[in-house]
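These notes concern the structure reproduced below.
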Amino acid sequence: MRGTFITFEGIDGAGKSTHLAWFAGQLQQRLGQGRRVVTTREPGGTALGEDLRQLLLHRPMHLETEALLMFAARREHLAEVIEPALARGDWVISDRFTDATFAYQGGGRGLARERLETLERWVQGDLQPDLTLLFDVPLEVASARLAGAREPDKFEAESAAFFSRTRAEYLRRAEEAPARFRLIDSTRPIAEIQKTLEQILASL
Ligand code: ADP
Ligand code: TYD
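Under UniProt numbering, the first residue of the sequence shown carries the number 1, and numbering increases by one thereafter.
So, in structure tokens, the structure goes:
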């Protein structure tokens, strides 16, 4: 039986990385030894993808170059990690996937959606995540959480207007595909968010 593909999304500072390892651990406990939970991330997830991540997060570049490199890293990630794991029947949890490209390069930077859809079809064919958890917070909350937490990378140093467009595009996509998305109010305390995640785990 084919595995299940789950993605975690949200603007920087929304808190998705905080919950990913915990969620994966809970899921593995529920599944027992028969099926493995593979956690991974984008951009990255493979040796080449992690090299591309360094360029993407730190080098200024043309916005189309940025989108193309995101999808190049994704092509490798699908071929090397995601597809083989799903074919084995494993569960895959990725910290970001294609929704991030639509939100950041599309919403944030303004790259035309049709361009991204063309690349999406090329790289993924019909493959979509089975479930996407969108950790949502207002910009002020996200930026307050990031302030002092870590040195900002190229994206984290973007303007409030950029993140406002990025968040809006995430929310638009969630509305467009309600069967795939779960919207998580990430302004709440971590323990409360975990309760919501437990309910989601119970429904899987
Ligand atoms: P993301 O992966 O979405 O960029 P992180 O998980 O790295 O965000 O969280 C960013 C910062 O916010 C971290 O310092 C983390 O401890 C803090 N944080 C995450 N979730 C919450 C929460 N629900 N309440 C308060 N602080 C949080
Ligand atoms: P992330 O791993 O969430 O950063 P961190 O480890 O610092 O929390 O994501 C790296 C950055 O890459 C993030 O700012 C969003 C951006 N990104 C895009 O712009 N497009 C994409 O397609 C992906 C996958 C990420």
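We put the CB at the ideal spot given by N, CA and C, even for glycine.
Cα atoms of residue 126 and residue 193: separation of roughly 31 Å, rounded to the nearest angstrom. C-alpha of residue 118 to C-alpha of residue 140: approximately 33 Å in a straight line.
Where residue 153 is concerned, there is no enclosing beta strand (DSSP E), because DSSP gives it neither an H nor an E. Within the same chain, 123 come within 6 Å of residue 74 by CB-CB distance, once the 5 residues on both sides are set aside. In this chain, residue 101 is not harboured by any beta strand (DSSP E); it is covered by the alpha helix (DSSP H) spanning 98–101.
Considered as a whole, the segment 28–103 harbours 37–41, 91–95 as its complete beta strand (DSSP E) runs of no fewer than 3 residues, in chain order. For residue 110 and residue 76, the gap between their C-alpha atoms comes out near 25 Å. Under the three-state reduction of DSSP output, residue 182 falls in the strand class.
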